[in-house]
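Let me begin by presenting the structure, written as structure tokens, before commenting on it.
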Amino acid sequence: MALTADSTIADLLREKPESAQVLFRFGMGCLGCAIANSETIREAAQAHGVPLEEMLSALGVAEA
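Quick look at the structure:
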């Protein structure tokens, strides 16, 4: 599966478990919560006030 900004946090963590550390750096501490199952990387960045491009770059994920 190709990860993009529209992939869910749960998909990201399944494909790239090491990305949890990157998300923690951006202040996202609730990676196992129910919202992570349906929230996209794009939505998470917006909800936490993080620039999407910066987060995607740190995660090594394409925008689309």
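Heads up, the sequence shown stops at 64 in the UniProt record's numbering, and the numbers go up one at a time, no gaps.
C-beta: ideal position from N, C-alpha, C; glycine also.
A quick note: this is a predicted structure, and the numbers were derived from the prediction, not measured.
Excluding five sequence neighbours on each side, which residues of the same chain lie with their C-beta closer than 6 Å to the C-beta of residue i?
i     : result
Ala45 : Leu52 and Met55
Glu39 : Ile9
For residue i, count the other beta carbons within 10 Å of its own beta carbon; 16 or more makes it buried, fewer makes it exposed. Which is it?
i     : result
Ala47 : exposed
Give every residue of the same chain whose Cβ lies closer than 7 Å to the Cβ of residue i, excluding the five residues on either side of it in the sequence, and list them in chain order.
i     : result
Phe26 : His48, Val50 and Met55
Ala20 : Leu13 and Leu31
Glu15 : Met1 and Leu3
What span of residues does the alpha helix (DSSP H) with residue i cover, start to end?
i     : result
Leu13 : Ile9 to Glu15
Ser19 : Ser19 to Arg25
Met28 : That residue, Met28, is in no alpha helix (DSSP H); it is neither H nor E in DSSP.
I'd like the list of long-range same chain contacts for residue i, defined as Cβ closer than 8 Å, with 5 residues on each side in sequence excluded.
i          : result
residue 65 : Past the edges of the chain, shown from 1 to 64, lies residue 65, and the structure says nothing about it.
Ala58      : Val22, Arg25 and Phe26
What three-state label does DSSP hand residue i in the structure shown?
i     : result
Ala62 : strand
Under 8 Å, Cβ to Cβ, is there at least one residue of chain C near residue i?
i     : result
Phe24 : Here there is only one protein chain, and chain C is not present.
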